[in-house]
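Enquirer: What the sequence shown shows, in our numbering, is residues 10 to 392, in sequence order.
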Amino acid sequence: MDLALDESQELLKNTATEFMETELPRQRVREIDDSDIGYAPDIWQKMCELGWGGISLPAEYGGAERPFTDLAVLHEVMGYYACASPHLDSTVLSAQIILKAGTEEQKKSFLPSIASGQQILVTAITEPEYGWGPDSIQMSADHQGDKYVLNGDKVFIPWVQVADTLIVAARTSSKGAPKEGISLFLVDKNTAGISTRLHSGWLADKPCEINFENVEVPTSNLIGPADTAWPSLEYSLDRATAVLCAYMSGGARKAYEMARDYSTERIAFGVPIGTFQWVQSHVIDALTEADSLQWTMYEALWQLDNERVDAPQAISGAKAIASTGFSKACDASHDVHAGVGVDLDFGLTHYTKRSRTYQQYLGDAIYHKKRVAELMNLSASTV
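1) In the DSSP assignment, find the unbroken beta strand (DSSP E) run with G161 in it and report its ends.
2) Which same chain residues end up closer than 6 Å to S325 when comparing Cβ atoms and leaving out the 5 residues on each side of it in sequence?
3) How about A261 and E298: are their beta carbons less than 9 Å apart?
4) Just mark Y139 as buried or exposed, buried being the case when its beta carbon has 16 or more other beta carbons within 10 Å.
5) Which of the three DSSP states is assigned to C217 in this structure?
6) Are the CB atoms of S272 and V288 within a distance shorter than 9 Å?
7) Here's the rule I'm using: 16 or more other beta-carbon atoms within 10 Å means buried, otherwise exposed. How should S103 be labelled?
8) Suppose only complete runs of 3+ residues qualify. What are the beta strand (DSSP E) ranges in the region 178-245, listed by chain order?
9) Which residues share a DSSP beta bridge with H152?
10) I282 by DSSP, collapsed to three states: which one?
11) So the alpha helix (DSSP H) A25 belongs to, where does it begin and stop?
12) Once you ignore the five residues that flank A68 on each side, which residues in its own chain have a CB closer than 7 Å to its CB?
13) Report buried or exposed for T31, applying the criterion of at least 16 other Cβ atoms within 10 angstroms of its Cβ.
14) Roughly how many angstroms separate the alpha carbons of T250 and E316, rounded to a whole number?
15) How would you write the range of the beta strand (DSSP E) that T358 sits in, first residue to last?
16) With a threshold of 16 other CB atoms inside 10 Å of the CB of S258, please say whether the residue is buried or exposed.
17) Where does T100 fall in DSSP's three states?
18) So, is G1 buried or exposed, given that buried needs 16 or more other C-beta atoms within 10 angstroms?
19) Consider the C-beta atom of W239 and the heavy atoms of the ligand ATP; say whether any pair is separated by less than 8 Å.
20) Is L159 closer than 9 Å to V196 when the C-beta atoms are compared?
21) Less than 8 Å between C-beta atoms, sequence neighbours within five positions excluded: which residues of the same chain meet that for F77?
22) So, are the CB atoms of G190 and K184 less than 9 Å apart?
23) Between D151 and the rest of its own chain, which residues show a CB-CB distance below 6 Å, the 5 nearest in sequence each way excluded?
24) Please report how far the alpha carbon of A268 lies from the alpha carbon of G63, in whole angstroms.
25) What does the alpha-carbon distance come out to for the pair T205 and L12?
26) Mark P95 as exposed unless 16 or more other C-beta atoms lie within 10 angstroms of its C-beta, in which case mark it buried.
27) Going by CA-CA distance only, name the one from W53, A178, S342 and I41 that's closest to P143.
28) My output table needs one value for I394: the three-state DSSP class, helix, strand or coil.
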């Protein structure tokens with residue numbers, strides 16, 4: 010197993026680093042985070058013009074057909090610079106769902122415009138009984154002639170305010186196991202009966218609650234056959250989760266480096282605080298978390314790109330580590346910085362906020378540990 014980046018991946022990393030360094034100085038990051046929409050359309054368009062919207066999509070749909078590790082390289086740099094964008098949710102999760110389960114007409118209609126940034130899609134899965142497994146999807150979609158009628162609520166869905174189209178997971182049948190009876194629908198965000206509300210709190214990516222009240226969707230908007238969507242959704246979630254781990258890896262690395270640098274610059278009692286053993290311990294804790302996250306993430310991506318049978322297990326293992334590791338790296342960095350670390354202009358809080366949001370997004374550590382146990386045919390109760 011070779012986890013080293015190849016020449017094209019190193020070039021992508023260097024290009025992305027130069028781009029983020031130019032476009033995202035610390036003050037710009039705060040301005041974007043404080044804005045109403047939570048991302049910068051000008052930066053988003055430049056990213057898509059560089060071809061980053063279709064890195065792992067087939068060439069026939071406007072993509073570059075590169076491995077998922079390339080996506081991870083980009084997202085690790087994005088995480089390092091706290092780059093806020095709908096890239097993960099639109100060009101990875103939503104695009105993979107359409108690529109895996111959509112009709113040829115749906116692929117041609119959506120994938121090129123996703124890759125170019127002309128359309129933003131987000132996928133709505135989680136509900137008030139929050140969870141990422143099939144049993145958590147209870148929103149109803151009743152088949153009535155040539156349409157489905159959707160009723161229910163989705164919560165903590167990122168980027169809804171800027172999305173053009175939603176991919177909605179709903180239950181079209183209550184028969185059988187939880188994995189059965191789930192369907193996916195393409196829904197125009199402006200369809201009658203849809204209302205949204207921005208969640209309050211210290212959250213990244215402007216997540217919203219979406220209410221569906223008798224929302225009518227044509228049968229032609231089904232993605233794949235009715236009642237059979239879970240395998241395609243799980244497939245796409247795995248890929249998005251691996252890429253999210255890369256973003257979290259970049260954020261954890263930055264939190265560590267901020268702690269390391271501050272420990273050499275801050276003088277107390279006439280010496281750098283990094284000479285104190287307890288401060289050293291915090292810096293090393295941040296490094297340990299960042300390294301653990303990075304290497305488990307790249308191993309999972311290696312398994313994914315090489316189509317290894319244990320790739321889903323490796324991805325869930327990486328996310329279990331990322332969900333705790335990113336937060337712990339930020340906590341350790343705050344321990345080093347003390348009061349200045351909570352100054353919004355200082356920059357550390359950009360990472361802390363993301364660590365708390367992504368701790369839960371696409372499944373927390375408990376969910377993914379249980380999933381690893383299930384994939385290993387172990388009892389989840391032993392986790």
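In this text, a Cβ means the ideal position worked out from N, Cα and C, and glycines have one as well.
Expert: Inspection of the coordinates gives the following:
1) Sequence index remark: in the sequence shown, residue 161 carries index 152 (1-based). Counting along the chain, the beta strand (DSSP E) containing G161 begins and ends at K156 to I166.
2) Here the question's residue 325 lines up with position 316 in the sequence shown. Hits under 6 Å: H377, R380 and V381.
3) In the sequence shown, counting from the first residue as 1, residue 261 sits at position 252. In the sequence shown, counting from the first residue as 1, residue 298 sits at position 289. In contact: A261 and E298 (Cβ atoms closer than 9 Å).
4) By 1-based counting over the sequence shown, the position of residue 139 is 130. So Y139 counts as exposed.
5) Counting from one through the sequence shown, the residue named residue 217 turns up at place 208. Three-state result, C217: strand.
6) By one-based count along the sequence shown, residue 288 stands at place 279. By one-based count along the sequence shown, residue 272 stands at place 263. Cβ atoms of V288 and S272: closer than 9 Å.
7) In the sequence shown, the residue the question calls residue 103 occupies position 94. Classification for S103: buried.
8) 191-197, 203-207 and 217-227
9) To locate residue 152, count along the sequence shown from 1; it is residue 143. Paired residues: Y157.
10) In the sequence shown, the residue the question calls residue 282 occupies position 273. Looking at I282 - three-state DSSP - the assignment turns out to be helix.
11) Residue numbering aside, residue 25 sits at position 16 when the sequence shown is read from its first letter. Looking at the DSSP string, the run of the alpha helix (DSSP H) that includes A25 is E16 to E32.
12) Stepping through the sequence shown from its first residue, residue 68 is reached at position 59. So the list reads E74, once near-sequence residues are dropped.
13) Position 22 of the sequence shown, counted from the start, is the residue given in the question as residue 31. Looking at its Cβ environment, which holds fewer than 16 other Cβ atoms inside 10 Å, T31 is exposed.
14) In the sequence shown, the residue the question calls residue 250 occupies position 241. In the sequence shown, the residue the question calls residue 316 occupies position 307. Spanning the two alpha carbons is a distance of roughly 16 Å.
15) In the sequence shown, counting from the first residue as 1, residue 358 sits at position 349. Looking at the DSSP string, T358 is not in any beta strand (DSSP E); the run it does join, the alpha helix (DSSP H), is L357 to Q369.
16) Taking the first residue of the sequence shown as 1, we reach residue 258 at position 249. By the 10 Å Cβ count, S258 comes out buried.
17) Your numbering for residue 100 matches position 91 in the sequence shown. If DSSP states are grouped into helix, strand and coil, T100 belongs with the helices.
18) Residue 1 lies beyond the stretch modelled for the chain, which goes from 10 to 392, so this question has no answer here.
19) Only the bare structure without any ligand can be found here, which leaves the ligand ATP out of the picture.
20) Residue numbering aside, residue 196 sits at position 187 when the sequence shown is read from its first letter. Residue numbering aside, residue 159 sits at position 150 when the sequence shown is read from its first letter. Yes.
21) Indexing the sequence shown from 1 puts residue 77 at position 68. So the list reads S65, R248, A251, V252, L310, L313 and D314, once near-sequence residues are dropped.
22) Numbered from its first residue, the sequence shown carries residue 190 at position 181. Numbered from its first residue, the sequence shown carries residue 184 at position 175. The answer is yes: Cβ separation under 9 Å.
23) As a first step, residue 151 is located in the sequence shown; it is residue number 142 there, counting from the start. Answer for D151: V158, listed in chain order.
24) Your numbering for residue 268 matches position 259 in the sequence shown. Your numbering for residue 63 matches position 54 in the sequence shown. If I take the Cα positions, the gap works out to 35 Å.
25) Stepping through the sequence shown from its first residue, residue 205 is reached at position 196. Stepping through the sequence shown from its first residue, residue 12 is reached at position 3. If you take the alpha carbons of T205 and L12, they lie about 42 Å apart.
26) Against the sequence shown, residue 95 aligns to sequence position 86. Counting Cβ neighbours within 10 Å, P95 comes out buried, since at least 16 surround it.
27) As a position in the sequence shown, residue 143 is number 134, starting the count at 1. For P143, the nearest C-alpha among the options comes from A178.
28) No information on residue 394 is available, as it lies outside the stretch 10 to 392 that the chain covers here.
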